[in-house]
Amino acid sequence: MTSIINRLPIHPLPDSENDLSSWIKTLAKANKTSFYVTLKHIGKSARQHGLVPTLSYLTGVSVEQISNLHDEFKTNFWENPKQCPFKYCNYVSKVRDNLLSHLAYKHDIDVKWHKCPKCEYKAKQKGALKRHLSSRHDIGVKWHQCPYCNYQSKIVADLTIHLAHRHDIGVKWHLCPHCDYKAKKKSTLTSHIANTHGIGVKWHHCPHCDYEAKTNSALKTHLSNIHNIGVKWHHCPLCAFKTKLKNTLKIHIANRHGIGLKYYKCPHCDYKSKTKTSLNTHLSGVHNIGVKWRQCPHCDFKTKNNTNLERHLASIHNIGVKWHHCPHCDYKGKHKYYLKKHLSNRHNIGVKWHQCPYCNYKSKTKTGLNTHLSGVHNIGVKWHQCPHCDYKSKLKNHLSKHLANRHDINVKWHQCPHCVFKTKYKTNLERHLASIHDIGVK
0 MTSIINRLPI HPLPDSENDL SSWIKTLAKA NKTSFYVTLK HIGKSARQHG
50 LVPTLSYLTG VSVEQISNLH DEFKTNFWEN PKQCPFKYCN YVSKVRDNLL
100 SHLAYKHDID VKWHKCPKCE YKAKQKGALK RHLSSRHDIG VKWHQCPYCN
150 YQSKIVADLT IHLAHRHDIG VKWHLCPHCD YKAKKKSTLT SHIANTHGIG
200 VKWHHCPHCD YEAKTNSALK THLSNIHNIG VKWHHCPLCA FKTKLKNTLK
250 IHIANRHGIG LKYYKCPHCD YKSKTKTSLN THLSGVHNIG VKWRQCPHCD
300 FKTKNNTNLE RHLASIHNIG VKWHHCPHCD YKGKHKYYLK KHLSNRHNIG
350 VKWHQCPYCN YKSKTKTGLN THLSGVHNIG VKWHQCPHCD YKSKLKNHLS
400 KHLANRHDIN VKWHQCPHCV FKTKYKTNLE RHLASIHDIG VK
């Protein structure tokens with residue numbers, strides 16, 4: 000680079016849209032020197048004559064034209080060469096190289112960009128480019144292989160996390176002081192203690208209804224789903240459909256309009272799915288591929304799902320059960336739903352009665368009301384017609400009995416093992432055996 004002495008030999012005119020620092024960058028580049036050296040040279044003369052007159056002398060540009068440029072520099076910045084010359088930046092360094100690095104990384108001054116040969120990415124640091132090439136283009140990657148499965152990672156920390164979560168290696172367990180629960184993460188244990196034992200819970204109350212949540216994210220979800228507060232709607236560009244979730248819109252466009260649809264095909268049968276998750280579920284459920292069996296330690300039961308194992312341990316072995324006690328009798332249930340059903344059926348607590356609009360009948364369940372409306376008032380009836388005669392029934396099993404009794408269709412015959420007698424009813428066979436063969440006589 001040539002050194003600057005007296006006036007700048009090359010001095011391009013400033014653009015009307017330039018600020019002062021951008022013009023000085025242009026001057027430095029035109030004279031094949033650095034921004035820092037140019038600014039230092041300007042500062043020497045500016046001590047005696049001021050910044051604008053000095054620039055006017057060095058470049059031949061009028062003071063008025065320079066004065067119209069936006070000035071981003073501190074007043075008399077040349078008096079303290081150890082500080083950053085830009086306004087609103089408090090960086091100070093005694094080391095020149097540190098100041099140059101600061102100007103490059105924070106203010107994009109004299110940056111040497113490291114460009115990716117594969118895409119448009121560029122970085123100020125060579126290390127950042129190296130990480131980009133590794134993570135995006137798999138160039139210069141050192142793979143870290145799991146010794147227990149096919150998992151591999153570019154980062155050692157990710158492998159450590161994998162070994163802990165998948166193989167329980169190097170895990171520091173966090174034990175619950177109130178039950179047998181343990182977690183691999185402290186945050187998970189904190190959530191367990193709050194959700195299960197109600198300790199350390201900070202309730203978040205909905206300002207519009209009685210809802211309360213243990214987490215702020217759950218409250219936000221409630222406000223969005225129930226009250227439409229804070230919702231960002233995602234509109235389908237092809238129809239009137241809109242949704243609160245971007246992924247739901249993507250699924251809608253794929254399913255309804257066939258755009259962006261990618262099928263995941265099963266390599267073992269004709270099954271195909273629109274999502275990879277569904278394919279994995281199919282491979283696990285149908286072909287037992289990628290299954291991690293959960294074995295019950297107390298019996299031969301095993302399952303593909305951890306939740307199913309927890310339910311099994313609770314329902315069969317009474318392990319991990321949280322009993323829900325009835326406050327009015329000795330009943331207790333393993334699920335809150337069972338207690339709620341018991342309170343409704345036995346004590347008429349929390350019952351939502353379903354009233355018949357045609358008579359005084361009422362039911363605790365909608366199904367019971369529908370059965371009543373169908374059986375008594377013939378409302379909502381789906382008639383099951385016999386294809387061989389005029390008989391019809393409200394119940395399918397009644398039609399099946401009719402077909403067997405009247406038309407001998409789908410009959411299960413009960414044959415006497417001692418003679419040729421046969422009957423459609425098991426009770427008739429028992430009577431026959433007793434009266435004719437003296438078998439089973441009381």
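Residue numbers (numbering that gives the first Met the number 0): 0 to 441.
Cβ atoms here follow ideal geometry from the backbone N, Cα and C, with glycine treated the same way.
Note that the structure is a prediction, hence the values are computed from the model and not measured.
Identity of the residue in the options nearest residue i by Cα
i	options	result
residue 225	233, 235, 234, 210	210
residue 318	308, 327, 149	308
residue 42	73, 16, 66, 14	73
residue 123	116, 137, 138, 105	105
residue 136	161, 361, 299, 118	118
residue 108	47, 55, 24, 185	24
residue 213	207, 257, 346, 196	196
residue 267	256, 38, 283	283
residue 258	269, 68, 409, 273	273
residue 289	148, 86, 327, 256	148
residue 349	437, 356, 294, 337	337
residue 413	406, 431, 401, 402	431
Inter-residue CB distance, residue i and residue j (contact presumed, cutoff 8 Å)
i	j	result
residue 45	residue 58	Their Cβ separation, rounded to whole angstroms, is 13 Å, which puts residue 45 and residue 58 out of contact at 8 Å.
residue 70	residue 19	5 Å
residue 29	residue 9	4 Å
residue 188	residue 175	6 Å
residue 365	residue 383	Not quite, the Cβ-Cβ distance comes to about 22 Å (not below 8 Å), so this is no contact.
residue 464	residue 391	There is no way to answer for residue 464, as the model of the chain reaches only from 0 to 441.
Local conformation of residue i per DSSP, three classes
i	result
residue 36	helix
residue 414	strand
residue 310	helix
residue 61	coil
residue 95	helix
residue 78	helix
residue 334	coil
residue 263	strand
residue 226	helix
residue 248	helix
residue 211	strand
residue 293	strand
residue 408	coil
residue 341	helix
residue 1	Summary for residue 1: the model assigns pLDDT 37, below 50, so the residue's position carries little reliability, and this model does not support an answer.
residue 157	helix
residue 47	helix
residue 394	coil
residue 220	helix
residue 327	coil
Span separating the alpha-carbon of residue i from that of residue j
i	j	result
residue 287	residue 303	9 Å
residue 0	residue 110	Any reading at residue 0 is ruled out, since the residue's pLDDT is 32, under 50, leaving its predicted position unreliable.
residue 81	residue 89	11 Å
residue 50	residue 75	8 Å
residue 134	residue 127	11 Å
residue 354	residue 371	10 Å
residue 340	residue 331	11 Å
residue 262	residue 250	12 Å
residue 296	residue 285	25 Å
residue 363	residue 173	45 Å
residue 162	residue 169	7 Å
residue 415	residue 421	6 Å
residue 334	residue 325	12 Å
residue 12	residue 60	7 Å
residue 4	residue 55	Because residue 4 carries a pLDDT of 46, less than 50, the predicted location of this residue cannot be relied on, and no value is offered for it.
beta-carbon residue i near the ligand SAH non-hydrogen atom, thresh 7 Å
i	result
residue 421	Of ligands this structure carries none, so the ligand SAH is not represented either.
- Taking 8 Å as the threshold, find out whether the region 152-164 comes into contact with the region 136-143 through three or more Cβ pairs. yes
- Flag this pair as touching only if the region 211-224 and the region 234-241 have three or more C-beta atom pairs under 8 Å; answer yes or no. no
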